[in-house]
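All letters in the sequence shown, in the order written, are residues 4 to 624 by our numbering. Following: one structure in structure tokens, then a few remarks.
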Amino acid sequence: MKSVNKAVRKKDAMELLLGKPVYTDDIAPKDCLVVKLLRSPYANAYVKSINTDIAMKVPGIEAIYTYKDVDQNMKRFTCAGQTYPEPSPYDRLLLDKHVRFIGDPVAIVAGVDERCVDKAMKLIKAEYEVLEPVLDFTKAKDNEILVHPEDNWEALCPVGADNKRNLCAHDECSNGDIDKVLESCDIVIDRTYHTKACQQSMMETFRTFCTIDTYGRLHVVSSTQIVFHCRRIISHALGISPSKIRVTKPRIGGGFGAKQTSVSEIYPAFVTWKTKKPAMIIFSREESLSASSPRHEMQMHVRLGATKEGIVKGIDLYTLSNTGAYGEHGPTTVGLSGHKSIPLYGKAEAFRFVSDVVYTNVMSAGAYRGYGATQGLFAVESAVNELADKLHMDPFEIRFKNIVKEGDVMPAYYGQVNTSCALDRCLAKVKEMIKWDEKYPMRKISDTKARFVGMGMAMQGSGISGVDVGSATLKLNDEGVYTMNIGAADMGTGCDTILAQIAAEVLECSTDDISVFGADTDISPYDSGSYASSTTYVTGKAVENCALELRSRIEKLGAKLIGCDKSEVTFDGSCVICEAGEHNGASVSLCDIATASMCGNDMALSVTNTHTSPISHHHLW
Numbered sequence: 004m005k006s007v008n009k010a011v012r013k014k015d016a017m018e019l020l021l022g023k024p025v026y027t028d029d030i031a032p033k034d035c036l037v038v039k040l041l042r043s044p045y046a047n048a049y050v051k052s053i054n055t056d057i058a059m060k061v062p063g064i065e066a067i068y069t070y071k072d073v074d075q076n077m078k079r080f081t082c083a084g085q086t087y088p089e090p091s092p093y094d095r096l097l098l099d100k101h102v103r104f105i106g107d108p109v110a111i112v113a114g115v116d117e118r119c120v121d122k123a124m125k126l127i128k129a130e131y132e133v134l135e136p137v138l139d140f141t142k143a144k145d146n147e148i149l150v151h152p153e154d155n156w157e158a159l160c161p162v163g164a165d166n167k168r169n170l171c172a173h174d175e176c177s178n179g180d181i182d183k184v185l186e187s188c189d190i191v192i193d194r195t196y197h198t199k200a201c202q203q204s205m206m207e208t209f210r211t212f213c214t215i216d217t218y219g220r221l222h223v224v225s226s227t228q229i230v231f232h233c234r235r236i237i238s239h240a241l242g243i244s245p246s247k248i249r250v251t252k253p254r255i256g257g258g259f260g261a262k263q264t265s266v267s268e269i270y271p272a273f274v275t276w277k278t279k280k281p282a283m284i285i286f287s288r289e290e291s292l293s294a295s296s297p298r299h300e301m302q303m304h305v306r307l308g309a310t311k312e313g314i315v316k317g318i319d320l321y322t323l324s325n326t327g328a329y330g331e332h333g334p335t336t337v338g339l340s341g342h343k344s345i346p347l348y349g350k351a352e353a354f355r356f357v358s359d360v361v362y363t364n365v366m367s368a369g370a371y372r373g374y375g376a377t378q379g380l381f382a383v384e385s386a387v388n389e390l391a392d393k394l395h396m397d398p399f400e401i402r403f404k405n406i407v408k409e410g411d412v413m414p415a416y417y418g419q420v421n422t423s424c425a426l427d428r429c430l431a432k433v434k435e436m437i438k439w440d441e442k443y444p445m446r447k448i449s450d451t452k453a454r455f456v457g458m459g460m461a462m463q464g465s466g467i468s469g470v471d472v473g474s475a476t477l478k479l480n481d482e483g484v485y486t487m488n489i490g491a492a493d494m495g496t497g498c499d500t501i502l503a504q505i506a507a508e509v510l511e512c513s514t515d516d517i518s519v520f521g522a523d524t525d526i527s528p529y530d531s532g533s534y535a536s537s538t539t540y541v542t543g544k545a546v547e548n549c550a551l552e553l554r555s556r557i558e559k560l561g562a563k564l565i566g567c568d569k570s571e572v573t574f575d576g577s578c579v580i581c582e583a584g585e586h587n588g589a590s591v592s593l594c595d596i597a598t599a600s601m602c603g604n605d606m607a608l609s610v611t612n613t614h615t616s617p618i619s620h621h622h623l624w
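Okay, structure coming up:
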């Protein structure tokens, strides 16, 4: 390996370390209108009337928009960054007469500076019809109070959604007779676990600026993980063709999943499209915590049955998930709570996994690092540890007895075969490394202090099976250097560098010889975006295939220039060399091949490749 698995300086390292202007706020035009949102003080209410006349008289105010400026009967949309058709229901309007949580936008205010916007916001007079909210998610399903009573609510995918029951999603799956198996078990752990909503706090808050380009199109520059999904969301929110929208991203100051949702983009986009002036929104830290995209609150009821020897025979899991006021990522998140926890136990003869995702009048949840899996794993692993305690067994021992092995079919993970797994060796190594036998269950430090140890397993995948798409474009430029264009989003994860390393490995060049550009909906090949730990595996494979094809084309043109057959040449990264026939030993440099490609050439030294994986590449630990 010349490039892969080598420590190389990240492509953007020096610019970031030197504090160069690379983030959204740094590169925004100085004449951007300042955009802020007036937010609802009520969890559930109708805006009866809203008066902006006095606020509009504040010097410097450009525009104030309310629900009156948005067709309340238009097709709704979702802000979830997902492949179309999105599993998340279409339940949003850009501005809605019906506000559904404390913080729901009531008005968009745009002015020349922050001072005038803040003043105007205080002068907007809104009158509300306050309704009783649904705040307890355990009482939301089939509650007479509906979070989404509107007729234009829509679910594009069959995820079991029903707005008349406050259901964002419902699913059931099973294998074997779980009730019969549990009845036959020597011991059944029956517990209910609760995980609260958990807020993420990336260093760079949500922010977006928009301009109108030379061709009258809307150019959206945003701190986002999902440029292509973002374009579709803005198109739906504004009711304009996606051909009129371009979305790009600069450096991202952290995402963690929150920026897989279009939290901020639609509002300055609306302002710029209406006024034709540059506009920018920057969420305050308070807004980023109170009106954004936290982890889903969940309640998990686990029934886990085992023999007295500690063999887990059956797992019955019911997950109740709180999506909040809107359904972003609700249907997709909840599935992982079961599908990433139950398969760990390969000896189980039966399982059942049932889930409900409910609407409530709190801030809507979304994507956040390993979403759903974290909640489900906490519940199932806690139940297994309680089983170990009841049987007076070492938690490691009980897991060694039950873990899924390579070659096992995983009924709880869509019937997939576990094609690659080192969980047994992983457990053994971890046990050794932490000196478990010396520390379990506790060590007494003093009369008042003790140190305890515990353990749990987890399963997480890279990419969404059969869904995520990664793409790359590689081209050879004059002077023999390369440009790579990607749609994946580097948010500090280093994917720009990682993907360059993969290309450099195939093309046998330095990573410095590959300049990386992305992500831009006008120029980049389609990519689902950077989420679900997919980029290295999915987009990385696209890059590898892309580089292999470009290498083949370089060899073909090199052979043509030498005057031999392509089968007779090799490429060493700097030259194409003939190794057989009458031209044996002849060579042509990469620089000369690049030069030749610019004159009298009909062979494009540019390749685009797309990759998807039928399986999620799993990591178990």
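Note that the Cβ used here is the ideal one computed from N, Cα and C, for glycine as well. Values in this document were obtained by computation on a predicted structure and should not be read as measured data.
Could you say which of the options lies nearest to residue i if we only look at CA atoms?
| i | options | result |
| --- | --- | --- |
| GLU384 | TYR68, ALA46 and THR195 | THR195 |
| GLY457 | PHE259, GLY464 and ARG446 | ARG446 |
| ASP56 | GLY106, HIS304, ALA240 and ALA129 | ALA129 |
| SER340 | THR377, GLY566 and LYS125 | THR377 |
| ILE269 | ILE284, ALA46, LYS60 and ALA143 | ILE284 |
| ILE318 | GLY483, THR615, ALA492 and VAL191 | VAL191 |
| PHE212 | ASP139, VAL37 and GLY379 | VAL37 |
| ALA31 | ASP189, PRO271, VAL315 and LEU185 | PRO271 |
| ALA143 | ASN169, GLY308, LYS125 and LEU126 | ASN169 |
| ILE243 | ILE53, LEU510, LYS78 and ILE467 | LYS78 |
| ALA309 | VAL102, MET301, TYR348 and PRO24 | TYR348 |
| VAL137 | ASN47, ASP182 and ASP116 | ASN47 |
| ILE236 | TYR45, SER265 and HIS304 | SER265 |
| SER555 | VAL541, ILE596, ASP515 and ASP530 | ILE596 |
| ASN166 | ASP216, GLY330, GLU312 and VAL315 | GLY330 |
| LYS316 | SER527, LEU477, VAL546 and VAL387 | VAL387 |
| THR615 | ALA370, THR538, PRO161 and PHE356 | THR538 |
| TYR131 | ILE53, GLU117, GLY179 and GLU157 | ILE53 |
| ASP182 | GLU352, LEU134, LYS71 and ALA261 | GLU352 |
| THR141 | TYR26, LYS199, PHE259 and SER177 | LYS199 |
Terminal residues of the continuous alpha helix (DSSP H) containing residue i?
| i | result |
| --- | --- |
| ASP440 | 439-442 |
| ASN548 | 543-565 |
| ASN405 | 398-405 |
| ARG428 | 426-436 |
| PHE381 | 376-394 |
| LYS122 | 117-126 |
| ILE181 | 181-187 |
| ILE596 | 593-599 |
| SER291 | 288-293 |
| ILE30 | 27-30 |
| LEU20 | 16-20 |
State the beta-bridge partners of residue i as determined by DSSP.
| i | result |
| --- | --- |
| CYS176 | PHE356 |
| PRO108 | ARG42 |
| THR322 | MET303 and SER358 |
| GLU585 | Per DSSP, none; premise fails for GLU585. |
| ASP165 | LEU170 |
| SER367 | BP columns for SER367 are empty, so no partner. |
| SER244 | Answer is none; SER244 lacks a bridge partner. |
| LEU221 | ILE215 and ILE248 |
| GLY327 | TYR362 |
| HIS614 | GLY473 |
| MET413 | GLN419 |
| CYS201 | ARG298 |
| TYR348 | ILE406 |
Which first and last residues belong to the beta strand (DSSP E) in which residue i is found?
| i | result |
| --- | --- |
| ILE192 | 190-198 |
| MET458 | It is not in any beta strand (DSSP E) - MET458 carries neither H nor E in the DSSP assignment. |
| ARG249 | 248-251 |
| ARG446 | 445-447 |
| SER577 | No beta strand (DSSP E) contains SER577, which DSSP labels as neither H nor E. |
| VAL282 | Position check: residue 282 holds Ala in this sequence, whereas Val was assumed. Here the beta strand (DSSP E) through ALA282 covers 282-285. |
| SER518 | 517-520 |
Rounded C-beta distance between residue i and residue j? I'm assuming under 8 Å.
| i | j | result |
| --- | --- | --- |
| ASP1 | HIS151 | Because the chain here runs from 4 to 624, residue 1 falls outside it and cannot be looked at. |
| ALA172 | PRO334 | 4 Å |
| PRO281 | CYS581 | No, PRO281 and CYS581 are not in contact; Cβ-Cβ is about 56 Å, not under 8 Å. |
| ALA66 | LEU126 | Contact doesn't hold; Cβ gap of about 15 Å is too wide. |
| MET303 | THR278 | Wrong, their Cβ atoms sit about 48 Å apart, outside the cutoff. |
Exercise. Counting only runs that start and end within the region 478-511, where is the alpha helix (DSSP H) found for 4 or more residues in a row?
Worked result: 498-510
For this session: Could you tell me which uninterrupted alpha helix (DSSP H) segments, each at least 4 residues in length, are contained entirely in the region 253-280, listed from first to last along the chain?
Result: 269-278
Problem set entry | alpha helix (DSSP H) segments (min. 4 residues) lying fully within the region 32-102 | 56-59
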